[in-house]
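First to last, the protein sequences are chains Z and S.
Per our numbering, residue 10 is the first one in the first sequence, and the count goes up by one each step.
Per our numbering, residue 10 is the first one in the second sequence, and the count goes up by one each step.
Input: a single structure, listed below in structure tokens.
Number of protein chains: 2
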Amino acid sequence: MADSKPLFSLDGDPLAAEALLRDVFGIVVDEVIRKGTSASEKVCEWKEPEELKQLLDLELRSQGEASEQILARCREVIHYSVKTCHPHFFNQLFSGLDPHALAGRIVTESLNTSQYTYEIAPVFVLMEEEVLKKLRALVGWSSGDGVFCPGGSISNMYAVNLARYQRYPDCKQRGLRALPPLALFTSKECHYSIKKGAAFLGLGTNSVRVVKTDERGKMVPEDLERQISLAEAEGAVPFLVSATSGTTVLGAFDPLNAIADVCQRLGLWLHVDAAWGGSVLLSQTHRHLLDGIQRADSVAWNPHKLLTAGLQCSALLLRDTSNLLRRCHGSQASYLFQQDKFYDVALDTGDKVVQCGRRVDCLKLWLMWKAQGGQGLERRVDQAFALAWYLVEELKKREGFELVMEPAGEAGEPGLQ
Amino acid sequence: MADSKPLFSLDGDPLAAEALLRDVFGIVVDEVIRKGTSASEKVCEWKEPEELKQLLDLELRSQGEASEQILARCREVIHYSVKTCHPHFFNQLFSGLDPHALAGRIVTESLNTSQYTYEIAPVFVLMEEEVLKKLRALVGWSSGDGVFCPGGSISNMYAVNLARYQRYPDCKQRGLRALPPLALFTSKECHYSIKKGAAFLGLGTNSVRVVKTDERGKMVPEDLERQISLAEAEGAVPFLVSATSGTTVLGAFDPLNAIADVCQRLGLWLHVDAAWGGSVLLSQTHRHLLDGIQRADSVAWNPHKLLTAGLQCSALLLRDTSNLLRRCHGSQASYLFQQDKFYDVALDTGDKVVQCGRRVDCLKLWLMWKAQGGQGLERRVDQAFALAWYLVEELKKREGFELVMEPAGEAGEPGLQ
């Protein structure tokens, strides 16, 4: 065995590998970057499932295929996929294509490392901390903790798990049966992950008490207090309120200060699910929608939505400075988190999470931020609000349309960027 | 607003975006594909944390930077990162670079979609099902269910959550307090995610009963029976055994048939954590190490490890055909999973998972499989075993080395591929 041969060689032929990757990249440029973002092309070449199955020849066989065939497959995969970068793509909460974020994603994929220790991800351990620090600063915290999670649902679960652990550290060893019945509170318009999370974490969906919303879809703080009293009267221990900054369907921003008042008075953990709306903190014009967020204990914020960093980019931010994240989730696996390394083992952030291997999710956001600057990102957020208001104004002029609800924020001039 | 302008334009300048991406791709080819895989280069340009922080200038500012600066940053990020594709990279359970898998990752990132519904991911919904079907066939199942998860730890959690839900469907609504105390069983050499998962799911780490291993690191089935009796005597209800096929530290394969006998007799859910060793099923020579896996209820298998598909690629496979996954995790969010679509809504697989947005993790594996064929992947697995034995034989010839434990599997001829 020659020393120079990698364990899994590039097919034993680095030049062929390089040529293949160049060809695939060329296809990406033609089919995604150019055609995918052109309004004169389709968002999707739609096919019914049975027909698409036939077209794609998905079956995996014993025999491999030649490069030409593989390239044709890449073209087909792109051809029949939805172009989320297309100007007419309007689906759930994300769209567009930021070239710097995509550049960051390509570099991430080529390096293919895991985020658990400094020795295997030196750049990304430091970078993640810097990005989290910046997001925390926008929340209004000069210190704290945090981690990137695989999506907002899991970020929300982390918050719930941390809140119950902080109140009942016993829970980690002895489980929920050792605890009194718990209750958490969120609004009728909250994201469905709160209930999914409660089930997954063993609390059960019944532990989620639903608070009324006003005509705009915002949580009613008076009803929150009422629900808390009700839960207590039924023998449950309220421990967490999950407010939503930017609800999924109506785009409503819960009144955080009023909710924080209740939480503070009653000693409840305040989580803000700002998966969608967190990025509004970048806008001087609109960030008042999240006034009071600095009083939260935890915030879930997904730059893969409004900021178009690319799926997945979901930060859980914590005000805590007591190492709660590591105490709650840590297991000190000795094969991975040795304590006698030649650097500060606090940098081995892998024990903060419930995952082991964990993707690098910070680079795409970091690179995009470096390129656009906070100012560039701010313009994007303002532009998104401006476009929502532009649509309202345009439709008002037309017959057959009636405004059911005004968008959040204020109107602005679209087309700033 | 011209119709042709995307919401977030490519900086308003598609050509500049394309040029940037071409340059970044060129850097990836030079620095990762060429230098990163060359044994005459370093695995990592190691720097102490404080020095690296200075070198990288990580701070995120208001002002954006010019393209040249961004390209320089990409080069630096790669320069100071660990090259997991390097022939001398020996860290945790993965290494190497498969060009087809990387091609699949680049296409995935460029399309940037979420796996929740057929309408937003038509190709990938069908492809994920086909890949899962193939993995299930290798396990020995002609039917079943499954899903890609963000890593093996979460796949293992899914298995535990499904097992408790199957036995106590009430748990979803009413939580663990409505259930008797539960006990699950795994070996001393199991992955630490089993305990982390038990804490996260609200069971508590004490619910994990540790079974003895033999001198080779394999679970001792007689001790499993003893631990089960002990748990029952203490008033707990045993509900799941997590066997390990390829333990993290010793690479041991638990005796699945003997463990399945116990599970079958006592009516326990058998989960196999084959995150590392699942890929051995591709090898006719070595797959006997997992004999009995077809008797499991669930299997966690990470092609991002032994098969080098790229992080993250982690399948949870289920023998169940009763829609358990969807019943356990589903919440029927009406804004996303409308029931009146023009296609079979069973294809909206997003309600099978506890995430909402979910990355596409199937394409990289599918494309690599198409290119290499099952035969090519089999050669890789055989090669990995052969190399382990080769190392043993070489070191036996040298003074100062003593063989503490033989590797699993049989010796073979290294350098087959």
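Heads up, the beta-carbon is just placed ideally off N, CA and C, and yes, glycines get one too.
Can you tell me the Cα-Cα spacing of residue i and residue j, whole angstroms?
| i | j | result |
| --- | --- | --- |
| Ile87 (chain S) | Ala110 (chain Z) | 16 Å |
| Trp378 (chain Z) | Glu138 (chain S) | 36 Å |
| Tyr167 (chain Z) | Arg328 (chain Z) | 14 Å |
| Ala207 (chain Z) | Phe194 (chain Z) | 11 Å |
| Lys406 (chain Z) | Glu50 (chain Z) | 29 Å |
| Glu60 (chain S) | Leu210 (chain Z) | 41 Å |
| Lys5 (chain S) | Ala417 (chain S) | No statement about residue 5 (chain S) is possible, as the shown extent of chain S runs from 10 to 426 and does not include it. |
| Arg114 (chain S) | Ala318 (chain Z) | 16 Å |
| Gln384 (chain S) | Cys322 (chain S) | 20 Å |
| Leu80 (chain Z) | Ile42 (chain S) | 19 Å |
| Ala48 (chain Z) | His97 (chain Z) | 7 Å |
| Tyr344 (chain Z) | Val258 (chain S) | 7 Å |
| Arg31 (chain Z) | Pro23 (chain Z) | 12 Å |
| Ala305 (chain S) | Arg145 (chain S) | 11 Å |
| Leu277 (chain S) | Val250 (chain S) | 7 Å |
| Tyr399 (chain S) | Gln124 (chain S) | 42 Å |
| Leu279 (chain S) | Leu188 (chain S) | 20 Å |
| Ala420 (chain S) | Gln293 (chain S) | 14 Å |
| Gly382 (chain Z) | Trp375 (chain Z) | 10 Å |
| Phe133 (chain S) | Gln182 (chain Z) | 39 Å |
| Gly286 (chain S) | Gly160 (chain Z) | 27 Å |
| Glu85 (chain Z) | Cys365 (chain Z) | 34 Å |
| Lys197 (chain Z) | Ile237 (chain Z) | 15 Å |
Just grab the DSSP bridge partners of residue i for me.
| i | result |
| --- | --- |
| His280 (chain S) | S:Ser251 and S:Ser307 |
| Phe262 (chain Z) | Z:Ser254 |
| Met228 (chain S) | S:Thr222 |
| Val217 (chain Z) | Z:Leu193 |
| Val246 (chain Z) | Z:Leu191 |
Which of the three DSSP states, helix, strand or coil, is assigned to residue i?
| i | result |
| --- | --- |
| Ala28 (chain Z) | helix |
| Ala391 (chain S) | Note on identity: in this sequence residue 391 (chain S) is Asp, with Ala being the wrong assignment. Three-state result, Asp391 (chain S): helix. |
| Ser119 (chain S) | helix |
| Leu326 (chain S) | strand |
| Val363 (chain Z) | coil |
| Phe157 (chain Z) | strand |
| Val369 (chain Z) | coil |
| Val4 (chain Z) | Residue 4 (chain Z) falls outside the range modelled here, since chain Z spans only 10 to 426, and no answer is possible. |
| Tyr167 (chain S) | helix |
| Leu106 (chain S) | coil |
| Gln101 (chain S) | coil |
| His295 (chain Z) | coil |
| Val413 (chain S) | coil |
| Leu380 (chain S) | It is Ala, not Leu, that sits at residue 380 (chain S) in the sequence shown. Residue state, collapsed to three classes: helix. |
| Ala342 (chain S) | coil |
| Lys14 (chain S) | Residue placement at Lys14 (chain S) cannot be trusted, given a pLDDT of 41 that sits under 50; what the coordinates show is reported in the next sentence. Here Lys14 (chain S) sits in coil by DSSP. |
So the beta strand (DSSP E) residue i belongs to, where does it begin and stop?
| i | result |
| --- | --- |
| Thr195 (chain S) | Leu191 to Ser196 |
For residue i, is the classification buried or exposed, using 16 other Cβ atoms within 10 angstroms of its Cβ as the cut-off for buried?
| i | result |
| --- | --- |
| Asn311 (chain S) | buried |
| Lys361 (chain Z) | buried |
| Leu191 (chain S) | buried |
| His95 (chain S) | buried |
| Thr358 (chain Z) | buried |
| Pro230 (chain Z) | buried |
| Ser151 (chain Z) | exposed |
| Val413 (chain Z) | exposed |
| Glu224 (chain S) | exposed |
| Leu106 (chain S) | buried |
| Asp391 (chain S) | buried |
| Ser18 (chain S) | Because the pLDDT of Ser18 (chain S) is 47, which lies under 50, any placement of that residue in the model is unreliable, and the number read from its coordinates should be weighed accordingly. Buried, by the Cβ-count rule. |
| Pro178 (chain Z) | exposed |
In terms of residue numbering, what span does the alpha helix (DSSP H) encompassing residue i cover?
| i | result |
| --- | --- |
| Ser148 (chain Z) | Per the sequence shown, residue 148 (chain Z) should be read as Val rather than Ser. Here the alpha helix (DSSP H) through Val148 (chain Z) covers Pro131 to Val148. |
| Val52 (chain Z) | Note, Val52 (chain Z): premise wrong, no alpha helix (DSSP H); not H, not E. |
| Ser202 (chain S) | Ser202 to Phe209 |
| His338 (chain Z) | Leu333 to His338 |
| Cys180 (chain Z) | Cys180 to Arg183 |
Do we get a CB-CB distance below 7 Å when we pair residue i with the residues of chain C?
| i | result |
| --- | --- |
| Met136 (chain S) | Among the protein chains of the structure shown, namely Z and S, there is no chain C. |
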